[in-house]
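One structure below.
Residue numbers (UniProt numbering), protein chains in the order written: chain A, 1 to 427; chain B, 1 to 427.
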């Protein structure tokens with residue numbers, strides 16, 4: 001008895017206190033609103049055919065007549081990678097026999113060779129290459145490392161196994177000296193051969209998890225992500241063994257942090273509003289970026305991002321959306337177009353009355369990063385984002401997703417997100 | 001044709017070069033050897049009934065007549081936690097009404113209050129408590145925080161939801177100021193109430209993954225870990241929703257690092273030798289420790305650990321085995337008895353002819369940590385470990401699991417581990 005009373009009272013109290021709870025429509029109404037949003041955005045995309053929409057034929061470098069001045073890699077089969085490596089080596093043998101010596105032509109991955117293409121909304125690599133001659137004191141080491149890495153990748157292709165960058169490093173510590181050297185050459189080799197790093201069968205450690213309305217195959221096993229409990233399914237490190245994606249979700253919810261992910265997984269938010277919830281637990285890793293893109297492309301669902309309201313939240317969004325400079329040669333495969341910034345946005349802090357003590361003052365470094373971001377093309381092309389970022393830099397306040405917990409642990413899943421969906425409040 | 005030739009040659013080359021490949025028995029022979037090991041170790045355990053064996057009735061503090069001088073917590077149901085909190089508050093109300101003021105009696109978690117119990121092979125907390133009075137300038141803040149945390153936990157019990165430590169912190173940033181303060185008091189509250197942190201429904205971020213011959217339920221969903229592809233199943237953050245463990249495995253392989261885990265998952269090592277493969281990707285987190293213990297207790301399988309050959313590898317082993325000082329009050333629930341050190345052991349470096357360039361020189365800090373570990377009780381009680389650690393400190397060399405990649409990427413799964421199993425080479 002005593003129990004029941006308490007429970008009831010606490011629920012009533014909450015309803016009164018919680019900002020915006022009163023204007024929340026029923027789940028059915030919100031679901032209908034979402035449905036009409038999705039069908040109208042699909043129509044708009046079909047009409048416009050722009051790169052930043054979810055149209056079925058996205059723009060490519062070739063469409064922009066940029067393919068001669070920019071370089072992009074593609075997913076290649078193992079046998080093609082093998083053939084490419086053999087071709088490079090045969091060319092070099094010919095060059096040596098012809099008396100022209102031994103050198104690789106390696107695409108430059110320097111900052112000066114990067115280009116943001118607004119039509120594609122991502123960073124791409126321009127076509128500058130540098131020569132890496134064996135007969136030069138300054139490049140003999142790098143040439144040797146490049147040759148060794150090519151030989152190792154050739155082995156991986158023959159055996160069809162995946163290894164990590166760390167494994168690669170350990171096959172010849174004496175030569176590589178430290179892992180940054182073998183890692184850098186690995187990216188060079190990707191560019192040289194014109195294939196993605198996943199095509200080389202070199203994978204990164206996995207961090208991401210996924211849960212919700214998604215069925216897919218991982219290395220031949222069918223995985224139903226509604227039946228993964230609270231822990232969720234670890235995102236596979238090798239995207240080439242992922243396939244057969246099916247879903248009845250209405251959107252993909254991309255979550256920056258683990259804690260918010262767990263709240264939504266425990267509450268089975270995906271059963272209330274059909275969706276797929278994915279997180280890389282902080283900085284996006286390659287496996288999660290590839291997985292998100294694959295979902296977006298195959299399922300044609302809107303991607304809504306829930307990140308911290310600070311410059312790094314936006315930075316993370318930008319890595320998912322337009323790629324990182326370090327791997328711009330593969331931006332076509334790694335980036336997910338048209339990610340919407342759902343929250344926590346700087347304007348949400350006042351709108352949702354986030355208490356003063358849950359906002360954090362931005363450090364000087366934060367403010368600098370924020371101002372730098374305002375100069376980035378991918379921010380500039382979205383006036384809504386510029387406005388929000390300006391507000392952040394002006395108020396000098398940031399907030400984590402968890403700040404919503406100040407209204408109760410379930411405010412995120414019970415009020416904030418449903419209201420965002422109801423109001424289609426994303427940019 | 002050309003392809004085939006190449007493949008064949010490279011395999012032959014390998015067999016000649018690879019150390020120990022020639023003495024490896026067939027998988028069937030090794031499996032039989034393992035079976036007889038397991039049945040004999042179960043018999044031995046039943047005979048001895050010691051704490052460090054996998055007997056069905058492990059020793060407890062009560063068996064050692066230590067329960068009066070040591071403090072341990074237990075898994076409590078939500079309603080019991082709720083009752084405990086209410087009891088504490090009623091006592092305080094009485095104390096205030098009786099004119100004795102408002103104070104908590106909080107178990108001390110200082111180093112001086114920790115005890116290693118060799119019979120249990122883990123660290124436990126002694127029974128010293130300190131008073132935390134509200135009417136004292138030095139403790140008024142901590143008393144207030146304690147009260148607030150108790151109120152929040154009470155709320156979680158009523159609603160039966162799980163939150164992270166970060167969520168907890170954000171409910172009252174003004175009071176807690178920074179997260180270390182609310183985290184520390186959370187551990188105090190666990191001790192005070194005599195329950196585990198999981199019983200409080202406060203969970204840590206998940207890091208671990210599991211793959212192999214294990215079926216279990218996560219929050220009501222049945223998970224078959226042989227059907228989790230290469231990515232594996234993320235270990236659930238809340239152990240109280242994990243159950244129904246079934247397995248036909250012969251052992252549990254506890255792996256320190258992600259890279260080694262991925263090698264074994266891709267090669268489906270668990271299908272060659274029936275086993276369960278688990279990793280926390282570095283430092284063991286609470287969720288993985290709870291999960292490993294639960295597997296060991298329910299399935300009664302030997303746990304074989306594959307860690308780096310450095311002091312931190314052994315340290316990680318010790319956290320799984322005997323617990324961390326910070327959470328010694330809960331060592332009974334967090335530790336897994338009788339973990340075997342399979343490798344990479346210092347003596348393996350010479351035995352397996354790990355090339356000089358794949359061994360790393362130990363830093364001064366490494367050597368200091370190694371020497372400190374030699375003084376730790378949990379190392380001392382295992383003469384084999386002492387010998388290995390002495391060798392490490394003497395040779396001043398360390399090596400990562402990945403160093404085995406110098407013999408080929410699959411040396412770990414194809415030669416090293418099978419040979420270890422064949423020779424039952426663990427300590």
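Note that CB positions come from ideal geometry on N, CA and C, so glycine has one too. It should be emphasised that the depicted structure is a prediction, and the values quoted were computed from it without experimental measurement.
For residue 325(B), the closest Cβ of chain A is not nearer than 7 Å. Per DSSP, residue 421(B) is one residue of the alpha helix (DSSP H) stretching across 417 to 422.
Residue 407(A) and residue 186(B) have their C-alpha atoms some 20 Å from each other. For residue 219(B), the C-beta contacts it makes with chain A under 7 Å involve 229 and 230, in order along the chain.
Interface annotation, residue 162(B): in contact with chain A, CB-CB separation under 7 Å. Out of 168(A), 305(A) and 223(A), the CA that lies nearest to the CA of residue 183(A) is found in 168(A). With a threshold of 16 other beta carbon atoms within 10 Å, residue 82(B) meets it and is buried. Residue-level contact check: residue 388(A) does not touch chain B, since none of the beta carbons of chain B fall below 7 Å from its beta carbon.
Nearest in C-alpha terms to residue 200(B), of all of 173(B), 352(B) and 239(B), is 239(B). Contact residues of the stretch 272 to 287 of chain B toward chain A are 281 and 287 (C-beta to C-beta distance below 9 Å). For the stretch 366 to 392 of chain B, the set of residues with a beta-carbon nearer than 7 Å to any beta-carbon of chain A is empty. Residue environment analysis places residue 271(B) among the exposed positions, since fewer than 16 neighbouring C-beta atoms fall within 10 angstroms of its C-beta. Looking only at 101(A), 102(A), 103(A) and 128(A), the smallest Cα-Cα distance to residue 114(A) is reached by 128(A). By alpha-carbon distance to residue 399(B), the top candidate from 354(B), 328(B), 164(B) and 258(B) is 354(B). Between the stretch 203 to 218 of chain B and the stretch 229 to 245 of chain A there are three or more inter-stretch CB-CB distances shorter than 8 Å, so the stretches are counted as touching. The CB of residue 174(B) comes closer than 9 Å to the CB of 355, 356, 357 and 358 in chain A, given here in chain order.
With respect to chain A, the C-beta atom of residue 213(B) has no partner C-beta closer than 7 Å. Sorting 269(B), 369(B), 290(B) and 326(B) by C-alpha distance to the C-alpha of residue 411(B) places 269(B) at the top. Membership of residue 383(A) in the alpha helix (DSSP H) is indicated by the continuous run 383 to 395. Proximity of residue 405(B) to chain A, defined by a Cβ-Cβ separation below 7 Å, is satisfied.
For a Cβ distance threshold of 7 Å, residue set 405 and 406 of chain A lies close to residue 171(B), ordered along the chain.
At a Cβ-Cβ threshold of 7 Å, residue 314(B) and residue 278(B) do not count as neighbours. As summarised for the UniProt domain "Topo IIA-type catalytic" (76 to 209) of chain B, the continuous alpha helix (DSSP H) elements at least 4 residues long and confined to that stretch are 78 to 97, 140 to 159, 165 to 170, 173 to 176 and 179 to 193, given in chain order. Residue 206(B) sits away from residue 245(B), with the two beta carbons spaced by 7 Å or more. Taking a Cβ-Cβ cut-off of 8 Å, the neighbours of residue 223(B) in chain A comprise 227, 228 and 229, given in sequence order. Under the three-state reduction of DSSP, residue 222(A) is assigned to strand.
Counting only the Cα atoms, residue 275(A) lies some 52 Å from residue 382(B). Nearest CB-CB separation between residue 94(A) and chain B: not below the 7 Å threshold.
Boundaries of the beta strand (DSSP E) around residue 254(B): 251 to 255.
At the C-beta level, residue 225(A) and residue 210(A) come within 7 Å of one another.
With a cut-off of 8 Å on Cβ pairs, the stretch 102 to 110 of chain A is in contact with the stretch 118 to 135 of chain A, counting three or more such pairs.
Put simply, the stretch 320 to 337 of chain A does not touch the stretch 134 to 148 of chain A. Fewer than three CB pairs are less than 8 Å apart. For residue 344(B), no Cβ of chain A is located within less than 7 Å of the residue's own Cβ.
Contact check for residue 24(B) and residue 418(B): beta-carbon distance about 6 Å, within the 8 Å limit, so the pair qualifies.
Per DSSP, residue 351(A) is one residue of the alpha helix (DSSP H) stretching across 346 to 351. Counting C-beta pairs closer than 8 Å gives three or more between the stretch 69 to 89 of chain A and the stretch 317 to 334 of chain A, which meets the contact rule.
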